[in-house]
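Sequential numbering from 172 applies to the sequence shown in the numbering used here.
Note that beta-carbon positions come from the ideal geometry of N, C-alpha and C, so glycine has one too.
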Amino acid sequence: MKRLFQTDWSKDRDKLDKRARNDAQEEASIIPTDVFPSNPSTSLHGSNTMASRGADELTTSSSSPIGVSVLYNPSDGNAAVECLDSIVFIHGLKGHREKTWTSDNASDPWPKALLPSEIPNARVLAYGYDADVAKATDMVSVSRIRDHAATFLKRLTNFRDRTDSSARPIIFVCHSLGGLVCQAALARAYTREHLKEVLEATRGILFLGTPHHGSALAVWAERLGKSVGVLKQTNTEILGVLRPESEVLAEIQDNFHNITQSQTKAGVGTIQITCFYEELPLPGIGLVVPQHSAIFPGKDAVGIHGTHHTMVKFSSLEDSGFIDICDELRTWIKKFDRKVPVPQRQSTPPPAVEEQNEKRSTTPQKKTASKFLVPYAKNKSFVERSNVFERLKSEFCHGPEDDIEDARSRVCLYGLGGIGKTQIAIAYTYWLRKAHPEISVFWVHASDSDRFRQAYSEIAEECNIAGRSDHNVDLLTLVKSWFERQKAGPWFLVLDNADNTELFFNDHTQPSNTSPSDVELDNGNIHMARFLPKYGNGSILVTTRNKEAGSRLVPGQPLLEVGPMSDGESVQMIREITGDSSLSMDASTVLSNRLENLPLAIAQAAAFMHENCTSLDQYLGILDKGDGIEVQLLGGNFEAVGRDTDVPHAVMATWVVSFEHIKRKNPLAADFLSVMAFFDRQSIEREFMTICMCLRIFRKKIRFDNESGGSRSSSGQDEARHHEEHHEEGYSFTAELESSHDHSRNQVCNSNEVHIGEFSGDPYQMLETLEQDGACSMLLEQALGTLKAFSFIKENKNGTLGMHRLVQLATADWLSRKGSAKIFITKALLTLAIFSAAFDRAGELSYETIYHYQAILAADERSFFLDITSTAFFRYGMAKFYFNVGQFKLALDCIEVALETREDNKHQESCLAAMRLKALILQALIRNQEAKQTLIELATIQPQDSVVMPDTIDDLAELLLESGDYREARDLLVGAIGQLETNDASSLRQNAHLMVYLHMVFYKLGEFGKAEETCLQVLSIVEEALASGKPAKFRIVYKVALAFASQGKLQEAERIFRQLLSNKLDSAEPSTIRIQTLGALAKVLGKQDRDQEAIDIQRQVVHLSKHIEDFQSRSEAEADALRKLAMLQTKQKSFGDAEESIAHALLLHQGIHGDTGWPVLLCTYYLGAIKCELGKWEEAKNLMENAY
């Protein structure tokens, strides 16, 4: 960590800000300036605007074609050709009869241009209707889904009559909303004799991205209309049908399901169904209709490698999606028996529910009246979680076609407290009572043994179970036996809040002469799992926060995790509870996202707004006042439907119960949770927890040595001391961290707490040793497993850990109330310091740690546990990190705060380095005058022997040269060169570098003789360095060439670069120079318009970058090389190659930086511009919007 202060700013990376800026300017000049005109109405390349070239669902039209259109007819011009079938295409939301099916570069839709070559004997029709959500005119349709269906059905029937084609089989191909229109049309045809021939002629339906279970498309569509500023009127019924909770959607699907079943039973023929789903997300939106929503239950499903828009646009016969669709159509058509006449129209009603009821009851003639013992009223504001609801129906076989013999006897819902498990269970019981009134429903509170007993007692009384009044009878065993007897009738039991594993399971051996109900454990709980029915004519639904408890209660079966609500579900919930259906979609979504789409938090927020007549914007304003206010708002109690009176209603309070439980059960897990409360909640490294465990273990070792005099204290005493320990106010890490760089990087911890040096010296070796220790690994996994079981943390695919934001706030608040926040803020910072010493080999903060430092320092700002020197030290490191990744404003904020806190210590090396960093940041922000004043001040106050002095002179000279202050620059350089000793490599390199600047100053001042003389001196130094063959001197050559290139001396720079490359650079250090030299040479060649030579050289840079040993350095170097290669390829107008290069660079940068950060945004912008050149307008538009 000390290397943060001992930086060699003479290295190339020191100029990253300026080079990045120059590269961006130069690369921007390569991209045509008319790619995206400033006026949106201006046409691109003289033809079409970006808006007009997008997918059909992003294009509005004032004259969308309506009705049936013939795209292809086999008999046209050839009466001898028999047309056997009709294939009807129906577009989706904001679609177009032809454009929906037309790729960007095609003039005709693929059903017209491509399909006839594969299916030659089928007539191809397309149907158009007005399904716009928003327009710039007043021509917005107010038709409902059923109205669209009725109109479509009538027009298709009339068209078939008019063309004498009523006997032809029909296949429908439907995109998105078109699938719902088709289902509603066929359901309507079933009930109308004069229209029924369309249903009877239907042989197959291909659904392409149709939301069979709802989707986020409605939310997106409404946002889209508002974002472009043209939303005049919203067809709320069309939007509503796409929401999972829509009763209209459920009715459409149920009717369609019933008529397909009745068609089969009546002998008319099965309607073949295949569903296709999108595999690629829309940028900034995601999957519009996810796979689970696009699949029709029990039918085949195929993925198409495209977005919701492009999945229906094919440009060639080789497109995989086109091939899959044609194969499906061809298979169906071969099965059709066209010699069979259209059957007589049937009036058989849909299958009755009673048939299933008969199957469910083994003795229907003796069944008792069903019971409904649910202690909660139906929640009128409940928003159905359709994905979970459908899974429950499927698992319990409660659906109309399900076989009860396939039902699971137990299913478990698990998830974070407040995620809505109990609410789902309540809603399911009410749905079950309505759908299957013959099933008795019971509810058991499982939070403690008393409530369990009470529930069983109520069941015994309500069901008049014989023997319930006998005091000698074990009531729990009696009720269990009653459930397991078949004569109890069908039943459904909810076991709610089964969080405590110890309540249900006891692994201790019990005396043989004890009654099961009388067995008491030390903690007062009994073995309740034995009293749950193991068989019988019923099922059990378990809800729990604790995945471990759920896994043991439902052994050998997968558990159903309840996750956050979708944006659409959250918005509806807010509207339902507040009673205000006009609440802004955007503001409601902002609130729901702020509350992590957590149902209990949303309910609490909505209740507050409703009770206090607070507007949504006002509530958001209160939340914006800080985390402390948010904790208060979500910590207050409120009345909620369906919440147990013994369970805290407030979001924050409901988790405290689990916190205390974890603390008792697994203190190490509680430690982990407490430290994580002060990290950034995302991407928490597992090594952090290893270090945390190490600190905990070694603290006990120190106490054993220092306090017990060799006599180990009990674990209970250790735990007590752990929670009572006090740290000195203003604890300083700085001295310890600086001393940690004594070669072995030892002792990065406070001497009163932990001496890492005693763990064999090297933090990296220490962590390796701990990770290889089997016992330590087991403890680590058990502790993390406990936190994951309660859904407080999740493990990401890359192995890092993530923490729920509101859980993190609640944990920090819990610790503050207990007076322990100080301990764990200090411990979190100490953990990061050790991690940096062990893993950040360059001695700088990394992507793994930067945001965690930021979070810890933000937490400390509210508490002031750390001293000023420590915070300044880490803010300097953060500023340097932000500077290196191009986030200059953040860098300036950090460095200014760091310097303000060190005002009294300006002459220290660390402060001098910070001042120089500030000057570089100001230059990057093009605030050159401020940068100049900072550098002048720096040069004035620092001693001549300061390690920062040479680089300060270098920076100031370059700045003066750029600003035209040539005489001032000359005086500065002459004086500085005179001060330098030339007998060591470092001084020689600096001398040569400054002399290049002096050469340019003389040239600018018209002193050409001195300029030539200085240039010859520089070249002499270069020749000497090359002749020496010493790797240390090769960097002198490289720096001189860079200086020439920066001043426009391209030929001189090229010659020196080539001379350097002709040397054998085969050691580790020169190989880095080789990569840098090749990259610089490619840039110089590009500036001379020698593009092909530049591209060939840059390809070598890409190749060599792949062989860098360190993963992060390798990825960054390769991404940077690919970006520069793409710019050269763009300049040469090789746009296809450029697209491939920049896309690869973007993926590498995203792997390092995530979705934000300067390199990611820059690559995103370039990729959008290149796609625009390739005519990929929709993709280009989305990328450019994301970049901005």
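The beta carbon of residue 427 is closer than 8 Å to those of 354, 355, 357, 358 in its chain, skipping five residues each way along the sequence. Here residue 1053 is not near residue 1081, since their CB atoms are 9 Å or more apart. For residue 965, the secondary structure class from DSSP, reduced to helix, strand or coil, is strand. In this structure, 1122 is the residue among 1122, 1097, 592, 1056 with its C-alpha nearest to the C-alpha of residue 1107. A residue is called buried when at least 16 other Cβ atoms come within 10 angstroms of its Cβ; residue 967 does not meet this threshold and is exposed. Three or more beta-carbon pairs separated by less than 8 Å link the region 274 to 293 to the region 481 to 489, which places the two stretches in contact. In terms of Cβ geometry, residue 1345 and residue 1313 do not form a close pair [threshold 9 Å].
Following the DSSP letters along the chain, one finds residue 449 inside the beta strand (DSSP E) bounded by residues 443 to 449.
Of the other Cβ atoms in all chains shown, 16 or more fall within 10 Å of the Cβ of residue 1255; this residue is therefore buried. The Cβ-Cβ distance between residue 258 and residue 286 falls below 9 Å. Check the Cα spacing between residue 797 and each of 607, 1029, 369: the tightest is with 1029. For residue 702, no beta strand (DSSP E) segment is defined, and its DSSP state is neither H nor E.
For residue 563 and residue 300, the gap between their C-alpha atoms comes out near 37 Å.
With fewer than 16 other beta carbons inside 10 angstroms of its own, residue 729 counts as exposed. Runs of the beta strand (DSSP E) lying entirely within the region 1130 to 1191, each at least 3 residues long, are absent. Boundaries of the alpha helix (DSSP H) harbouring residue 978: 976 to 989, taken from the DSSP string.
Judged by DSSP secondary structure, residue 711 falls within the beta strand (DSSP E) whose first and last residues are 709 to 715.
In this structure, residue 345 and residue 378 form a Cβ contact; the two beta carbons are roughly 6 Å apart against a cut-off of 8 Å. Secondary structure note for residue 602: its alpha helix (DSSP H) is the uninterrupted segment 592 to 606. Cα atoms of residue 778 and residue 465: separation of roughly 35 Å, rounded to the nearest angstrom. In this structure, residue 703 and residue 633 do not form a Cβ contact; the two beta carbons are roughly 18 Å apart against a cut-off of 8 Å.
The region 994 to 1005 makes contact with the region 845 to 861: 3 or more CB pairs, one atom from each, lie closer than 8 Å.
Residue state for residue 264 is assigned as coil, using DSSP reduced to three classes. In this structure, the CA atom of residue 292 is about 16 Å from the CA atom of residue 375.
The alpha-carbon separation between residue 1302 and residue 283 amounts to approximately 38 Å. The alpha-carbon of residue 1354 is positioned some 7 Å away from that of residue 454. DSSP, reduced to helix, strand and coil, places residue 256 within a strand of the structure shown. If you draw a straight line from the Cα of residue 627 to the Cα of residue 647, it is about 7 Å long. For residue 240, the uninterrupted beta strand (DSSP E) segment begins and ends at 238 to 243.
9 Å or more divides the Cβ of residue 1170 from the Cβ of residue 1145. Under the DSSP assignment, residue 373 falls in the beta strand (DSSP E) whose first and last residues are 373 to 379. Within 10 angstroms of the beta-carbon of residue 1187 lie fewer than 16 other beta-carbons, which makes it exposed. One thing to note: residue 840 has its Cβ within 9 Å of the Cβ of residue 954. Spanning the alpha carbons of residue 631 and residue 650 requires a straight line of approximately 6 Å. Your pair residue 667 and residue 596 checks out as a contact, with CB atoms roughly 6 Å apart and the cut at 8 Å. With contacts defined by Cβ atoms closer than 9 Å, residue 963 and residue 829 form a contacting pair.
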